[in-house]
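Colleague: For reference, the structure I am asking about is given below.
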Amino acid sequence: MPLLRAMEAGAKMSFAPLPKGTAVAQIVLGRKTFRDKVFACWLGKNIGGTLGAPHEGKRFALALDFYDPLPTKAAANDDLDLQLVWLKLLEDEGTDPPLARLAEYWSRYAASYPWNEYGFFLRNYTRGLRPPVAGCFENYFVDEMGSPIRSEIWACLHAGDPQAASRMAWKDSALDHAGGEGMWGEMFWAAVEAAAFVESDPRVLIAIGLAMIPLASHVARSIREAVWCRENHLPLGDARERIAGRFGHLQPCNAVPNHGFTILGWLYGKDFGDRLCKAVNCGYDTDCTGATLGSLLGILGGSAGIPATWREPIGTEIVLHQFTRGFKPPATIEELSERTVALSENAAAAKEDIAFGAKTRLPEDLLTRLFRNDLAVQARAQDIHMGVEVCGSREVALHYGGEPVLRPGIGRTISVTVGGREEHVELAVPAGWTAERLGPARFRLSSAGPVADRNQVTVTVAGGAAVPFTVLGPGEAKGFPAGDNVAKCPKCHARVEACICGK
0 MPLLRAMEAG
10 AKMSFAPLPK
20 GTAVAQIVLG
30 RKTFRDKVFA
40 CWLGKNIGGT
50 LGAPHEGKRF
60 ALALDFYDPL
70 PTKAAANDDL
80 DLQLVWLKLL
90 EDEGTDPPLA
100 RLAEYWSRYA
110 ASYPWNEYGF
120 FLRNYTRGLR
130 PPVAGCFENY
140 FVDEMGSPIR
150 SEIWACLHAG
160 DPQAASRMAW
170 KDSALDHAGG
180 EGMWGEMFWA
190 AVEAAAFVES
200 DPRVLIAIGL
210 AMIPLASHVA
220 RSIREAVWCR
230 ENHLPLGDAR
240 ERIAGRFGHL
250 QPCNAVPNHG
260 FTILGWLYGK
270 DFGDRLCKAV
280 NCGYDTDCTG
290 ATLGSLLGIL
300 GGSAGIPATW
310 REPIGTEIVL
320 HQFTRGFKPP
330 ATIEELSERT
340 VALSENAAAA
350 KEDIAFGAKT
360 RLPEDLLTRL
370 FRNDLAVQAR
380 AQDIHMGVEV
390 CGSREVALHY
400 GGEPVLRPGI
410 GRTISVTVGG
420 REEHVELAVP
430 AGWTAERLGP
440 ARFRLSSAGP
450 VADRNQVTVT
460 VAGGAAVPFT
470 VLGPGEAKGF
480 PAGDNVAKCP
490 KCHARVEACI
500 CGK
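The numbers in numbering that gives the first Met the number 0 rise by one with no breaks, and the one at position 57 of the sequence shown is 56.
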């Protein structure tokens, strides 16, 4: 069904909000089917990642029709590993952890990753900054694929609830892609995959994902271009060249072309293996495009949709990257699936409109529900130029109003919110600084200088709790060469501050 007709069909089902007082029928997820789809999601992730891993970074078309080389087990892949960290977080902290906890868990269990956006988030975090500003300050790589590849955990957690999955994807991507195309990519895929548990039409699913992200984002435009190519019957080779020519990038892990390539594989392919190969054959970030599409196809088709020829070479063992450390992860896809399902049921228990039962049952206004995006829009509206810490049960945010830097002789206005609102706070600043109060939670900082490289300001909230935040000086804000990575250990290749040599 072409996208336009699919949307028209959806319109007949009513996209208006339900009237007040209307009885709300639940989306009921059949437990057996759901477990199978979750298992196939993670299995498809491993298959697609293993197919694409040997070819990552090749910015030209390939001609694969199967694994090459043939593996004997799954490839270690950060696409999956980082979601195992989130699995532990959700089990430890509950199904809606604050942003600061995500950052804390990453710094505990994935601190050694040096690559691109990972390295720059950790560089900022160890300097004292907190996300989301830690995810964008001096980070050239905010437009890359490191967060879109982490969407499945949120989709499974909020199956049938795309906007809730997209909201969690915002939190995740705020760590290392704040405000960049990678953020929109993760929000898109989390929504698509969450909806795929109860909807199967590719064009409808794509439209649901696009409803969660900015219209003018480059990721959205690349996705729409891929859909346009398919609906206008361009040969796949021409479509691939169109995406590469209009959205290509010197960085093969840039999210924009890779999203178009993933969509091309999905829409042009005939079956599970053919779709994966068509996506991977577009080149660029091949392990990520393969892994993401493999997950989605697993959700859509369940384990019956994944041929044994693709499953047998890799099995179901989970193979960790050496940079994922310090906790006991699931040993197999089966274990990962069972633990994921348990979390999903916990999340659903807190909702009125999602439930688990013996069989899947869907309400008449299903599309209306799937297209709701209030939570995604609210997430997108958050300030990325803030640092967030947890204080008791509330989040305290310091809004820098731009870069987290104070320069000598230049006053700047900052503000504080507690639980998302302004309330009266006190602010303590280093010796030699002034903090002129402009309102209950607004201050103008200034210093005649010099300003130290790293400085601490302390927010005291009602009740007396003190929350520290970092403000950098010009010595810590000299910039970083675009496209370069943080320093790595020459032996283990981990981020130099988190070397694993001898561990």
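All C-beta atoms, glycine included, are put in the ideal place defined by N, C-alpha and C.
Check whether chain D comes within 8 Å of isoleucine 222, counting only Cβ atoms and requiring the distance to be less than that.
Modeller: Although the question refers to chain D, the structure presented lacks it and comprises just one protein chain.
Colleague: Might you give, ordered along the chain, the residues of its own chain that have their beta carbon closer than 6 Å to the beta carbon of asparagine 372, omitting 5 neighbours on each side?
Modeller: Reading the sequence shown from its first residue, position 373 is the one you call residue 372. Only Gln162, Ala210, Met211 meet the Cβ criterion.
Colleague: Among the residues of its own chain, which have a CB less than 6 Å from the CB of lysine 358, if the five just before and after it don't count?
Modeller: For the purposes of this step, residue 358 is taken as residue 359 along the sequence shown, with counting starting at 1. Excluding sequence neighbours, lysine 358 sits near Gly29.
Colleague: According to DSSP, simplified to helix, strand and coil, what is valine 456?
Modeller: Here residue 456 corresponds to residue number 457 of the sequence shown, with the count starting at 1. It is a strand residue.
Colleague: If you follow the alpha helix (DSSP H) that valine 37 is in, where does it begin and where does it stop?
Modeller: Stepping through the sequence shown from its first residue, residue 37 is reached at position 38. 30-51 is the extent of the alpha helix (DSSP H) around valine 37.
Colleague: Measuring only the C-alpha atoms, how far is valine 340 from histidine 217?
Modeller: Position 341 of the sequence shown, counting from 1, holds the residue named residue 340. Position 218 of the sequence shown, counting from 1, holds the residue named residue 217. C-alpha separation (whole angstroms): 34 Å.
Colleague: When the Cα of phenylalanine 119 is compared with those of Ala348, Val428, Leu299, Asn484, which residue comes out closest?
Modeller: As a working note, residue 119 is residue 120 in the sequence shown. Nearest of Ala348, Val428, Leu299, Asn484 to phenylalanine 119, Cα basis: Asn484.
Colleague: Among Glu394, Ala434, Thr261, which has the Cα closest to the Cα of arginine 420?
Modeller: In the sequence shown, the residue the question calls residue 420 occupies position 421. Comparing Cα-Cα distances from arginine 420 to each of Glu394, Ala434, Thr261, the minimum goes to Glu394.
Colleague: Where does the unbroken beta strand (DSSP E) through serine 414 begin, and where does it stop?
Modeller: Numbered from its first residue, the sequence shown carries residue 414 at position 415. Element bounds for serine 414: 411-417.
Colleague: So, with DSSP's three-state summary, where would you put lysine 277?
Modeller: Indexing the sequence shown from 1 puts residue 277 at position 278. The answer is helix: DSSP assigns lysine 277 an H, G or I state.
Colleague: CB-CB under 7 Å to aspartate 35, same chain, minus the five flanking residues each way: which ones, in chain order?
Modeller: By one-based count along the sequence shown, residue 35 stands at place 36. Cβ neighbours of aspartate 35 beyond the five flanking positions: Gly301, Ser302.
Colleague: Using only CA atoms, which one of Glu151, Gly145, Lys31 lies nearest to glycine 293?
Modeller: Position 294 of the sequence shown, counted from the first residue, corresponds to residue 293. Among Glu151, Gly145, Lys31, the Cα nearest to that of glycine 293 is on Glu151.
Colleague: Which residue wins for smallest C-alpha separation from phenylalanine 322, given the options Gly145, Ala375, Val428, Tyr112?
Modeller: Here residue 322 is taken as the residue at index 323 of the sequence shown, counted from 1. With distances taken between Cα atoms, phenylalanine 322 lies closest to Tyr112.
Colleague: Judging by CA-CA distance, which residue of Val424, Arg220, Ile313 is the nearest neighbour of alanine 73?
Modeller: For this step, residue 73 is matched to residue 74 along the sequence shown. Here the closest residue by C-alpha is Ile313.
Colleague: List, from N- to C-terminal side, the beta strand (DSSP E) runs of 3 residues or more that fit wholly inside the segment 230-290.
Modeller: As for any beta strand (DSSP E) of minimum length 3 sitting wholly inside the segment 230-290, there is none.
Colleague: I believe threonine 49 touches proline 147 by the beta-carbon criterion, under 8 Å. Please report the beta-carbon distance rounded to the nearest angstrom.
Modeller: As a working mapping, residue 49 is identified with position 50 in the sequence shown. As a working mapping, residue 147 is identified with position 148 in the sequence shown. Not really, about 18 Å apart at Cβ, beyond 8 Å.
Colleague: Is it buried or exposed, histidine 232, if we count other Cβ atoms within 10 angstroms and call 16 or more buried?
Modeller: Your numbering for residue 232 matches position 233 in the sequence shown. Histidine 232 comes out exposed.
Colleague: Is the separation between the beta-carbon of glycine 247 and that of proline 256 shorter than 8 Å?
Modeller: Counting from 1 along the sequence shown, the entry for residue 247 is found at position 248. Counting from 1 along the sequence shown, the entry for residue 256 is found at position 257. The answer is yes: Cβ separation under 8 Å.
Colleague: Answer yes or no: the CB of alanine 396 versus the heavy atoms of the ligand NAD, is any distance below 7 Å?
Modeller: In the structure shown, the ligand NAD is absent, as is every other ligand, since no ligand is present at all.
Colleague: Determine the contact status of leucine 156 and alanine 346, defining contact as a CB-CB distance below 8 Å.
Modeller: Working through the sequence shown from its first residue, we reach residue 156 at position 157. Working through the sequence shown from its first residue, we reach residue 346 at position 347. Yes, Cβ-Cβ distance for leucine 156 and alanine 346 is below 8 Å.
Colleague: Please tell me whether arginine 239 and cysteine 281 are closer than 8 Å, where the distance is taken between their beta carbons.
Modeller: Stepping through the sequence shown from its first residue, residue 239 is reached at position 240. Stepping through the sequence shown from its first residue, residue 281 is reached at position 282. In this structure, cysteine 281 lies closer than 8 Å to arginine 239 by Cβ.
Colleague: If we ignore side chains and look at the alpha-carbon of each, how far apart do valine 505 and glutamate 351 end up?
Modeller: Nothing in the structure corresponds to residue 505, since the chain is present only between 0 and 502.
Colleague: Can you tell me whether DSSP reads histidine 217 as helix, strand or coil?
Modeller: Indexing the sequence shown from 1 puts residue 217 at position 218. DSSP places histidine 217 in helix when its eight states are reduced to three.
Colleague: State the Cα-Cα distance for the pair aspartate 77 and tryptophan 265, rounded to the nearest angstrom.
Modeller: Position 78 of the sequence shown, counting from 1, holds the residue named residue 77. Position 266 of the sequence shown, counting from 1, holds the residue named residue 265. One C-alpha to the other measures close to 22 Å.
Colleague: State the Cα-Cα distance for the pair alanine 380 and proline 130, rounded to the nearest angstrom.
Modeller: Your numbering for residue 380 matches position 381 in the sequence shown. Your numbering for residue 130 matches position 131 in the sequence shown. Straight-line Cα distance between these residues: approximately 15 Å.
Colleague: Measure the alpha-carbon distance for isoleucine 317 versus glutamate 333 and round it to whole angstroms.
Modeller: Position 318 of the sequence shown, counting from 1, holds the residue named residue 317. Position 334 of the sequence shown, counting from 1, holds the residue named residue 333. Computed Cα separation, rounded: 10 Å.
Colleague: Among Cys500, Gly184, Val197, Lys477, which has the Cα closest to the Cα of alanine 354?
Modeller: Position 355 of the sequence shown, counted from the first residue, corresponds to residue 354. Ranking Cys500, Gly184, Val197, Lys477 by Cα distance to alanine 354 puts Val197 first.
Colleague: Run through DSSP, which three-state label would proline 201 get?
Modeller: The count along the sequence shown starts at 1 and reaches residue 201 at position 202. Helix at proline 201.
Colleague: If I follow the unbroken alpha helix (DSSP H) through leucine 342, where does it start and stop?
Modeller: Locating residue 342 in the sequence shown gives position 343, where the first residue counts as 1. From DSSP, the alpha helix (DSSP H) with leucine 342 extends over 332-348.
Colleague: Keeping to the same chain, check which residues put their C-beta closer than 6 Å to that of phenylalanine 468; ignore five residues upstream and five downstream.
Modeller: As a first step, residue 468 must be located in the sequence shown, where it is residue number 469. Close CB contacts of phenylalanine 468 within its chain, under the 6 Å cut and outside five residues either way in sequence, are with Gly386, Leu397, Val456 (chain order).
Colleague: If we count the other Cβ atoms within 10 Å of its Cβ and call it buried at 16 or more, is alanine 22 buried or exposed?
Modeller: Working through the sequence shown from its first residue, we reach residue 22 at position 23. With a pLDDT of only 48 at alanine 22, under the threshold of 50, the placement of this residue in the model should not be trusted; the figure read from the coordinates follows. Exposed, by the Cβ-count rule.
Colleague: Can you name the residues that DSSP bridges to serine 445?
Modeller: On the sequence shown, residue 445 is found 446 positions in, with the first residue counted as 1. Serine 445 pairs with Thr433.
Colleague: When we look at the beta-carbon of arginine 443 and count the other beta-carbons within 10 Å, is it buried (16 or more) or exposed?
Modeller: For the purposes of this step, residue 443 is taken as residue 444 along the sequence shown, with counting starting at 1. Label assigned to arginine 443: exposed.
Colleague: Which value, in whole angstroms, describes the spacing of the CA atoms of leucine 299 and phenylalanine 140?
Modeller: Taking the first residue of the sequence shown as 1, we reach residue 299 at position 300. Taking the first residue of the sequence shown as 1, we reach residue 140 at position 141. Roughly 31 Å separates the two Cα atoms.
Colleague: If you count every other CB in all the chains shown that lies within 10 Å of the CB of serine 445, and 16 or more means buried, which is it?
Modeller: Within the sequence shown, the letter at position 446 stands for residue 445. With a 10 Å radius around the Cβ and a threshold of 16 neighbouring Cβ atoms, serine 445 comes out buried.
Colleague: Assuming arginine 368 and isoleucine 26 are in contact, meaning their beta carbons sit under 8 Å apart, how far apart are those beta carbons, in whole angstroms?
Modeller: Within the sequence shown, numbered from 1, the residue matching residue 368 stands at position 369. Within the sequence shown, numbered from 1, the residue matching residue 26 stands at position 27. Rounded, the Cβ-Cβ distance is 7 Å, consistent with contact.
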